[in-house]
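Student: Starting off with a structure, shown below.
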Amino acid sequence: MLETRLQHLQSALRNSEDRFIKVFHNSPAAILITRPADGLIIDINDNYLKMAGYRHRDDVIGSTVSQLNMWLNPEDRLKMVEALTKSGAVHNMEAHFRHKSGEIRHGILSAILINYNGQECILTISRDITEHKRVDEEIKKTKTYLESILNNSLDVIFTVKKDGSFGYLNRQLEKVTGYTPEQIRGKHFIEFIPPRLHGFMMQKWQEINNGIAGTYETEVIKADGSIIHCLVSHSVLEGFDEFIVTMRDISEIRQQTRDLNLLYDTAKIFASSLDLAKTLREVSRRCTEILRVDSVLVRLIENNRLVVKGSFYRFDDDKQEVENLIRQNPIEVGKGIAGQVAQSGKSMVSDTMPLESVTLPGYLNYLSQHKWMVVPLKAKDCVIGVLTFMIANTSRKFSAHDIALAEGIANQAGVVIENAKLFDQLRESEERFRRFSDVTMEGIVIHEKGKILDMNQALARMLGYKPAELIGQDGMHMVAPEYRDVMMLKITANDTRPYEVICIRKDGTRFPVEIIARAFVYQDRTVRVGAIRDITERKNAESELKESYQRLQKTMEGAVYALSLTTQKRDPYTTSHQQRVADLACAIAREMKLSDEQIECLHMAGILHDIGKLRVPPEILTKFAPLTVEEKDALKSHLEAGYEILKNIPFTWPVAHIVIQHHERCNGTGYPKQLKGEDIRMEARILAVADTVEAITFNRPYRPALGIDHALEEISRHKNTLYDPAVVDTCLKLFNDNKFRFAQTEEKV
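Residue numbers for the sequence shown follow numbering that gives the first Met the number 0, beginning at 0 and rising by one.
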């Protein structure tokens, strides 16, 4: 009996090992088995080979991950091994890996310790998330842009529907009025207006319904019944059956304006002197006025101690007492109130914690008789010192407004002292990745013609079931009916390419997934294993990113053409010049196989390349005679002028740099900086050829048109000296092969 039992156990063990090996080699996940001590690669499946850039298992098995230079930071592997030693498993660890080609890729991995062929090994399952990181970054930029406009705005922004009820409401609504969105949404706006202004507001409502935008003042009833005076602006929301309204509490804005003026004045004081000590002393004096305090200390970190670099006291007695305390109790970073602020980078205010727990003994008596506030001075993301504010009136408390104003002054001081960077005030509002209890992050299912044979916990959670509820069942009922035929075709055809379907959770909700599956032998029969990933966030992100990009693109194009028209109206000889230059430059770029982004950039630069002529006197632009040396210099200045106009416009491309370089020449004889060869951007080299060809072909104020043949002869003669040879050859080919012709061939002089 015992022998029979042993045979059964051995058979079960062999089956288990056989199943593991088959799943390992046929799994759609990237799996690697290594030795903990030295990272020797014991085994690897095809997906991991593909992800790492290798063709054959023999290329890596027997080598260590260090020899193959797989980890960008070897310390990350040591951390993974240490975590495995402590807990036996690592979940969702992010790390950077090096592809065989040398390219750095971002990955996320999970690992467990296993017994493999009689030795302890690490089983690692990895996923390349480089592209997801890129998409996340783009989404973050777009989301940051929208949030800064809407939710971080000082104004209340909302929409009103045709029936007068509220639609969208931003976060500022509750701060200004005290109402939550739930209390307001769906109600008519007139309910929140004092009765005596109902007639006035209904008149405004009639105007906006007639498509008339307007700005006016009115009163609003807050949630606590008080009245605030607001500045309101409304307009039609194009493309929507709603009106958009912005509203601002004028009294609060006046206070904010006063604070901004104070901060601006403080910044001017900083900038008015090159003497740092004098500047800091002056800021200390100003701080006593702005925050209505009795004394201010500016202390900077030197040799791990806080050293007074500036101070101001209303009363001489305070000055003597505080300076004696500072001499007797030198403050180190991490000790005392100021030392803890310098260490943590967080402001501290009296009444927020027991005084004994944060101060040095020598200061205890003095600080207990005062109210105090200490804020950090930061530069280059590091704390470089602190600002300390003190008042003898113990009945007063420092408000949140006081703290904000003090921190604003501290930010100004930090910028001047060490060219500080601005604080990053935006925080990620969502988690990027969900947590999983399984080793893998994707759902994995093994099925035979749709019947579920096995699955992992991650997939069960994704669908809202327990594994026991699904194993043995037909998995097709979890796929939306309209996708079942497509899925059966994929299964029947043994298609291993990724595809997307809609799945249905236990609660009936639908969500998009991406599936990658392949066939393999499992328990002596051919089945399919599939990796399933919830792509809801990706779909939403792609849609949001596309819509945001399209809106921004339309806005930018409108601004570019508006600027272009402004230039054209001042110089009748450039009415079509900029457009023709842009057309030819884009044609050259397309023929040279430049990217779509570079071609878009060239189009913008071509349309705007003469925008700097706005600052050139019109009598020079339209002079019917050769220019004098002084006039030529004035005309050349249009490059720097154009750069100054364009540099602060948030183009996606380096338009300003291309514009300022389009009169540079390959041999260094151009202007304004005499750049040579590769120092000139390729887009600027293309624009230079297009500008030259157009200028010679068409009329100029001081001469008639010379024609396209003369223009092509000119760029041919100066190829390799003035103009890039590849660009010249491409331009000549376009005209010789009749691939390009200017839309307009002659102009009136």
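Beta carbons: idealized from backbone N, C-alpha and C, even for Gly.
Rank 677, 616, 644 and 445 by C-alpha distance to the C-alpha of residue 633 and give the top, closest one.
Tutor: 616
Student: Which residue marks the beginning of the beta strand (DSSP E) containing residue 454, and which one marks its end?
Tutor: In this chain, the beta strand (DSSP E) harbouring residue 454 covers 450-454.
Student: Quick one: measure Cβ to Cβ for residue 511 and residue 501, integer angstroms, because I've assumed they're closer than 8 Å.
Tutor: 6 Å
Student: Would you mind working out which of 694, 539, 640 and 508 sits nearest residue 581, comparing C-alpha positions?
Tutor: 694
Student: What does DSSP give as the partner residue(s) for residue 529 in the beta ladder?
Tutor: 444 and 516
Student: Could you check what DSSP says for residue 730 in three-state terms: helix, strand or coil?
Tutor: helix
Student: In angstroms, rounded to a whole number, what distance separates the CA positions of residue 448 and residue 525?
Tutor: 10 Å
Student: Suppose you measure from the CA of residue 50 to the CA of residue 677; what does that come to, to the nearest Å?
Tutor: 35 Å
Student: Report the residue from 157, 136 and 291 whose alpha carbon sits nearest the alpha carbon of residue 397.
Tutor: It is 291.
Student: Answer yes or no: do residue 819 and residue 236 have a C-beta to C-beta separation smaller than 9 Å?
Tutor: Since the displayed the chain opens at 0 and closes at 748, residue 819 lies outside it and no answer follows.
Student: Is it the case that the region 484-495 contacts the region 399-408, given that we only count it when at least three CB pairs across the two stretches are under 8 Å?
Tutor: no
Student: Out of curiosity, what's the CA-to-CA distance linking residue 537 and residue 366?
Tutor: One C-alpha to the other measures close to 55 Å.
Student: Do residue 473 and residue 505 have their beta-carbon atoms positioned less than 9 Å apart in this structure?
Tutor: no
Student: Could you round the C-beta distance between residue 402 and residue 346 to whole angstroms and report it? I think they count as a contact, below 8 Å.
Tutor: 6 Å
Student: According to DSSP, simplified to helix, strand and coil, what is residue 67?
Tutor: coil
Student: Can you find the residues in the same chain that come closer than 6 Å, C-beta to C-beta, to residue 294, ignoring five residues on each side of it along the sequence?
Tutor: 312, 317 and 389
Student: Between the C-alpha atoms of residue 380 and residue 178, what's the straight-line distance to the nearest angstrom?
Tutor: Looking at the backbone, the Cα of residue 380 and that of residue 178 are separated by about 37 Å.
Student: Only counting the same chain, and skipping five residues up and downstream in sequence, which positions put a Cβ closer than 6 Å to that of residue 683?
Tutor: Counting only Cβ-Cβ distances below 6 Å, and skipping sequence neighbours, we find 657, 660 and 661.
Student: Helix, strand or coil: which one does DSSP assign to residue 397?
Tutor: The three-state reading of DSSP puts residue 397 in coil, since its state is none of H, G, I, E or B.
Student: Tell me where the beta strand (DSSP E) around residue 197 begins and ends.
Tutor: From DSSP, residue 197 is part of no beta strand (DSSP E) but of the alpha helix (DSSP H) over 197-208.
Student: Excluding the 5 residues preceding and the 5 following residue 624 in the sequence, name in chain order all residues of the same chain whose CB lies nearer than 7 Å to its CB.
Tutor: 701
Student: Around the Cβ of residue 424, are there at least 16 other Cβ atoms within 10 angstroms (buried) or fewer (exposed)?
Tutor: Note on residue 424: pLDDT 34, under 50, position unreliable in the model; the coordinate value appears next. Looking at its Cβ environment, which holds fewer than 16 other Cβ atoms inside 10 Å, residue 424 is exposed.
Student: Sorted by chain position, which residues of the same chain lie with C-beta nearer than 8 Å to residue 464's C-beta, five sequence neighbours on each side aside?
Tutor: 505
Student: Taking residue 668 as the reference, give the member of 627, 717 and 710 with the closest Cα.
Tutor: For the residues 627, 717 and 710, the minimum Cα distance to residue 668 belongs to 717.
Student: Taking only three categories from DSSP, how would you classify residue 158?
Tutor: Under the three-state reduction of DSSP output, residue 158 falls in the strand class.
Student: Taking residue 240 as the reference, give the member of 167, 173 and 300 with the closest Cα.
Tutor: 167
Student: Just list the residues that DSSP pairs residue 232 with in beta bridges.
Tutor: 214 and 245
Student: Given that a residue counts as buried once 16 or more other Cβ atoms are within 10 Å of its Cβ, and exposed if not, what is residue 186?
Tutor: exposed
Student: Is it a yes or a no for the region 116-128 touching the region 33-44, going by three-plus beta-carbon pairs under 8 Å?
Tutor: yes
Student: From what residue to what residue does the beta strand (DSSP E) around residue 312 run?
Tutor: 304-312
Student: Look up residue 222 in the DSSP assignment and say whether it is helix, strand or coil.
Tutor: coil
Student: Per DSSP, what kind of secondary structure is residue 347 in: helix, strand or coil?
Tutor: strand
Student: Over the uninterrupted beta strand (DSSP E) stretch that includes residue 641, give me the two end residues.
Tutor: Counting along the chain, residue 641 falls outside any beta strand (DSSP E), though it belongs to the alpha helix (DSSP H) covering 637-645.
Student: What distance in whole Å lies between the Cβ atoms of residue 335 and residue 362, which are believed to be in contact at a cut-off of 8 Å?
Tutor: 7 Å
Student: Strictly by DSSP, which residues pair up with residue 462?
Tutor: Bridge partners of residue 462: none, in fact.
Student: I'd like the list of long-range same chain contacts for residue 59, defined as Cβ closer than 8 Å, with 5 residues on each side in sequence excluded.
Tutor: 40, 43, 48, 51, 53 and 67
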